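Just below is one structure, and these are the notes that go with it.
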Amino acid sequence: MKLVEYLELKRRVREKLSTLIPESRLKVVQRDPHTRRKPIGCGLTVHVGYGCTNRCLYCYIQDMGFSFKGVKPSPLSGLELAYALTLNPYFIPGKLGTFLAIGSITEPFHRVNVNVTLEFMRYVRLYLGNPLQFSTKMYLDIDLARKIRDFAGSNISPLVTVVTIRFSEKLEPNAPPPQLRFESIENLRRVGLKPQLFMRPVIPGITDIEAKDIVAEAKTRGVVGVVIGGFRVTKRIISRLRSVGLNVDYILAYTPKTPTGSEQIPLNITDIRRGIVENVKEYGVILHFHACCACAFTHSVPCWNLCWIRNGCTKCPNQCWIKQPSIDESSVCDLLEYMGVKFKDISVTTDRITVHVRGKVYPRELPIILSTLTRRTTSIVTEK
Numbered sequence: 001m002k003l004v005e006y007l008e009l010k011r012r013v014r015e016k017l018s019t020l021i022p023e024s025r026l027k028v029v030q031r032d033p034h035t036r037r038k039p040i041g042c043g044l045t046v047h048v049g050y051g052c053t054n055r056c057l058y059c060y061i062q063d064m065g066f067s068f069k070g071v072k073p074s075p076l077s078g079l080e081l082a083y084a085l086t087l088n089p090y091f092i093p094g095k096l097g098t099f100l101a102i103g104s105i106t107e108p109f110h111r112v113n114v115n116v117t118l119e120f121m122r123y124v125r126l127y128l129g130n131p132l133q134f135s136t137k138m139y140l141d142i143d144l145a146r147k148i149r150d151f152a153g154s155n156i157s158p159l160v161t162v163v164t165i166r167f168s169e170k171l172e173p174n175a176p177p178p179q180l181r182f183e184s185i186e187n188l189r190r191v192g193l194k195p196q197l198f199m200r201p202v203i204p205g206i207t208d209i210e211a212k213d214i215v216a217e218a219k220t221r222g223v224v225g226v227v228i229g230g231f232r233v234t235k236r237i238i239s240r241l242r243s244v245g246l247n248v249d250y251i252l253a254y255t256p257k258t259p260t261g262s263e264q265i266p267l268n269i270t271d272i273r274r275g276i277v278e279n280v281k282e283y284g285v286i287l288h289f290h291a292c293c294a295c296a297f298t299h300s301v302p303c304w305n306l307c308w309i310r311n312g313c314t315k316c317p318n319q320c321w322i323k324q325p326s327i328d329e330s331s332v333c334d335l336l337e338y339m340g341v342k343f344k345d346i347s348v349t350t351d352r353i354t355v356h357v358r359g360k361v362y363p364r365e366l367p368i369i370l371s372t373l374t375r376r377t378t379s380i381v382t383e384k
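The sequence shown runs 1 to 384 under the numbering used here.
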């Protein structure tokens, strides 16, 4: 497909969906945050609900204003969610489009959310066709695993979170125990999916110490790969961890500063994560540093976040650099003209697109649209 054809596809799908939704609901959907949310590293987060009762001590959703006391499902239907995404200026439909990630501010398979999650998956697959991923700590029995496959398709990217076995009761008081999560991995594998272990957050002094045991057990259950993620802390998280006797000074040693208020401070644990990679190589699982890489691998497309260009790549079998689309300048020019961008010059290389625009005004979504469609880093240079 030419680059312009992706935006034309988006327009056609949007127009079709708008005719299938009651007029009384159109304005509700048009005000929904999914219509304007920017993608982050894992992709564009799809919120099937709000809040989580697992009460994991390392979780930051309370600092984002969401509750540990209850779960509220999304008010959108699956059809409405698909329509909302087509209204989002950053969103591109299709297999080479925007990655979609479910599970960021709630537990998608909490009993309150499960039907919404399945419905969202169904309509994403039916109307949009985007790479889709979910993360969960819940127990997924064989029947639910089959439903996930049937609703989302066999190429969905499942992530099952386990960051500790020894301290799970302390750190994840209301979540299903790790052994049930390992059973979830087994059930997902039995129905033909490719589950990956989500080792995030990596808690220094805990996750790195237990990593081999966790991966060894996951391997026996059929896990395909492991995502070794990062860890962000807040003042509230540090207080919770201290309250159960963890050595928070050791954790804070990996932060550039002590967090205040609700700010999220990422730990500098690159060496720890690389150490985990070395320690678990013997199990023969595919290793990633980012969830987006797991999604790219499962869907056999180049990573939308360009990790192989931005130094976050583990050189997994997906080999994104080989699957990068071939792009010529005329295709980029057509896209810019379609978007109404007044440009002076463009440059296309293997890893980068540079656009010199006339004036200082251009669509705010332009860099993300170009980066997603071309799988190259994008620079916009403004000129008089």
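Ideal placement from N, C-alpha and C gives every residue a C-beta, glycine not left out. What you are looking at is a predicted structure, and each value in this text was computed from that prediction instead of being measured.
Item: Cβ neighbours of Ile272 in the same chain (closer than 7 Å, five flanking residues each side left out); Value: Val202, Pro204, Asp208
Item: Stretch pair the stretch 279-287 + the stretch 73-88: three plus CB contacts closer than 8 Å; Value: no
Item: Inter-residue Cα distance where the pair is Pro131 and Cys303; Value: 10 Å
Item: Same chain, Cβ closer than 7 Å to Leu370, neighbours up to 5 away in sequence not counted; Value: Ile353, Thr378
Item: Residue from Tyr139, Ala291, Leu3 whose Cα sits closest to the Cα of Pro177; Value: Tyr139
Item: According to DSSP, residues forming a beta bridge with Pro73; Value: Gly49
Item: Leu20, buried or exposed, once every other Cβ within 10 Å from all chains shown has been counted against 16; Value: exposed
Item: Entirely enclosed alpha helix (DSSP H) segments - the stretch 257-330, minimum 4 residues; Value: 270-280, 291-299, 320-323
Item: Between the CA atoms of Val348 and Ala152 - distance to the nearest angstrom; Value: 35 Å
Item: Neighbour-count burial assignment, Pro22, 16 or more Cβ in a 10 Å radius; Value: exposed
Item: For Pro89, the three-state DSSP class (helix, strand or coil); Value: coil
Item: Alpha-carbon spacing of Glu186 relative to Lys235, whole angstroms; Value: 37 Å
Item: For Leu267 and Gly230, the rounded distance between their alpha carbons; Value: 7 Å
Item: Arg147 - DSSP class collapsed to helix/strand/coil; Value: At residue 147 the sequence reads Lys, which differs from the Arg that was named. Three-state DSSP puts Lys147 in a helix.
Item: Beta strand (DSSP E) segment containing Ala101, residue limits; Value: 100-102
Item: Per-residue DSSP class, three states only, for Arg31; Value: coil
Item: Cβ neighbour criterion (16 or more within 10 Å) applied to Glu210; Value: buried
Item: Test item: CB-CB of Ile206 and Phe182 under 7 Å; Value: no
Item: Cα-Cα separation, Gly129 to Ile156; Value: 11 Å
Item: Through-space distance from Lys212 to Glu5, alpha-carbon basis; Value: 46 Å
Item: Sequence-distant residues of the same chain with beta carbon closer than 7 Å to Tyr127, five excluded per side; Value: Val13, Leu17, Ala82
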